[in-house]
Amino acid sequence: MNNGRNNVLDEVVDKLRILILSDECEENEKIPAETKLADRFGVARPTIREACRILEAKGYVQRVPDRGVFVVSKNPSGKGEQENTVYWFEEHKIEQENILKVRLVLESLAIEEVVRNKTWNSTYSALSENYKRFLGDGFVPSNAEYYTWLDEEFHRIIWNASRNEFLIHTCNSVLIPVLRDMRLNSLKEEVNWQSAAHAHEKILYTIKKGNPTQIIKEFSDHIRQVSALFYQITK
Numbered sequence: 090m091n092n093g094r095n096n097v098l099d100e101v102v103d104k105l106r107i108l109i110l111s112d113e114c115e116e117n118e119k120i121p122a123e124t125k126l127a128d129r130f131g132v133a134r135p136t137i138r139e140a141c142r143i144l145e146a147k148g149y150v151q152r153v154p155d156r157g158v159f160v161v162s163k164n165p166s167g168k169g170e171q172e173n174t175v176y177w178f179e180e181h182k183i184e185q186e187n188i189l190k191v192r193l194v195l196e197s198l199a200i201e202e203v204v205r206n207k208t209w210n211s212t213y214s215a216l217s218e219n220y221k222r223f224l225g226d227g228f229v230p231s232n233a234e235y236y237t238w239l240d241e242e243f244h245r246i247i248w249n250a251s252r253n254e255f256l257i258h259t260c261n262s263v264l265i266p267v268l269r270d271m272r273l274n275s276l277k278e279e280v281n282w283q284s285a286a287h288a289h290e291k292i293l294y295t296i297k298k299g300n301p302t303q304i305i306k307e308f309s310d311h312i313r314q315v316s317a318l319f320y321q322i323t324k
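Residue 90 is where the sequence shown starts when you use this note's numbering, and the numbers rise one by one after that.
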């Protein structure tokens with residue numbers, strides 16, 4: 090799990106946190122643009138964007154649409170649902186680490202079977218409808234259980250397309266129940282809801298394009314990004 094990519098992300102998160110804590114940044118002020126931070130830290134813009142999402146989940150910054158990322162606290166203590174979410178992840182760290190390892194294996198097998206059987210086209214309509222419902226009219230904190238159910242359904246649609254009955258049964262009867270609390274606590278936060286929506290959108294796009302290699306890559310990247318965010322929250 091702690092591959093080179095995650096090590097780079099960890100380093101960028103630490104550097105960005107140090108920047109936020111320095112005199113260079115003040116609370117309620119905008120941090121430097123993604124392009125400037127990418128040049129400064131020697132990484133690609135998506136890495137900066139992901140680091141900002143992680144620090145937003147931790148309470149340091151907030152992304153304001155069409156305006157940028159702003160410092161909200163240099164010493165976030167956690168408030169309300171955010172505090173409960175972080176505490177839950179910390180309390181269940183070892184358990185969730187093991188689940189995420191198994192999840193990566195099972196879901197990677199599922200998408201590989203979908204590609205091998207060329208059944209991805211049959212999933213597009215159902216996945217697209219699921220994505221529209223997930224977006225709805227935007228994030229509503231009280232809808233966390235609904236988002237959890239929709240996220241489960243999105244992945245279930247893909248598993249079912251694998252046509253591997255044992256794999257389908259394992260994912261539905263084992264993986265969904267053990268991931269439910271993790272999903273529910275994660276989707277109480279807007280930044281995690283946005284991350285899931287963005288990942289699902291990219292998966293839909295690659296399925297529509299019909300590129301088998303890219304379908305596997307985007308789906309696997311989604312699972313790895315969930316793992317990366319988990320490790321950062323509990324760091």
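Positions of the beta carbon are idealized from the N, C-alpha and C atoms, including for glycine.
The alpha helix (DSSP H) enclosing V267, as first and last residue numbers: To locate residue 267, count along the sequence shown from 1; it is residue 178. Taken as a continuous stretch (DSSP letters only), the alpha helix (DSSP H) holding V267 covers 265-275.
Length of the line joining the Cα atoms of L273 and E242: Against the sequence shown, residue 273 aligns to sequence position 184. Against the sequence shown, residue 242 aligns to sequence position 153. Going by the C-alpha atoms only, they are around 14 Å apart.
Residues bridged to K221 [DSSP beta-bridge criterion]: Position 132 of the sequence shown, counted from the start, is the residue given in the question as residue 221. None, per the DSSP bridge assignment.
Span of the alpha helix (DSSP H), counted from its first residue to its last, around F255: Locating residue 255 in the sequence shown gives position 166, counting from the first residue. Where F255 is concerned, the enclosing alpha helix (DSSP H) stretches over 254-259.
Cβ-based neighbour list, L224, same chain, cut-off 7 Å, excluding 5 preceding and 5 following: For this step, residue 224 is matched to residue 135 along the sequence shown. Answer for L224: A286, listed in chain order.
Proximity below 7 Å, CB of R142 to CB of V280: Position 53 of the sequence shown, counting from 1, holds the residue named residue 142. Position 191 of the sequence shown, counting from 1, holds the residue named residue 280. In this structure, R142 sits near V280, with a CB-CB distance shorter than 7 Å.
F159, enclosing beta strand (DSSP E) - first and last residue: As a working mapping, residue 159 is identified with position 70 in the sequence shown. That run of the beta strand (DSSP E) goes 157-160.
C-beta atoms of L195 and L239 nearer than 7 Å: On the sequence shown, position 106 is the one that residue 195 refers to. On the sequence shown, position 150 is the one that residue 239 refers to. No, they are not a contact pair.
Beta-bridge partners of V153, as assigned by DSSP: Here the question's residue 153 lines up with position 64 in the sequence shown. Bridge partners of V153 according to DSSP: G157.
Reduced DSSP secondary structure (H/G/I, E/B, other) of K125: The residue you call residue 125 lines up with position 36 of the sequence shown. K125 falls in the helix class under three-state DSSP.
Nearest candidate by alpha-carbon position, reference H311, set L189, S231, K207, S262: What you label residue 311 is simply residue 222 of the sequence shown in a count that begins at 1. Answer by Cα proximity: L189.
Proximity winner among I305, P135, S275, T208, relative to S231 (alpha-carbon distances): Here residue 231 corresponds to residue number 142 of the sequence shown, with the count starting at 1. Considering only alpha carbons, the answer is S275.
Outcome for G169 when other beta-carbon atoms lying within 10 angstroms are tallied against a minimum of 16: Position 80 of the sequence shown, counted from the first residue, corresponds to residue 169. With a pLDDT of 48 at G169, under the threshold of 50, the modelled position of this residue cannot be trusted, and the question is left open.
Q283 to R129 span [Cα, whole Å]: In the sequence shown, counting from the first residue as 1, residue 283 sits at position 194. In the sequence shown, counting from the first residue as 1, residue 129 sits at position 40. Q283 and R129: Cα-Cα distance of roughly 26 Å.
Collapsed DSSP secondary structure at K147 in the structure displayed: Counting from 1 along the sequence shown, the entry for residue 147 is found at position 58. If DSSP states are grouped into helix, strand and coil, K147 belongs with coil.
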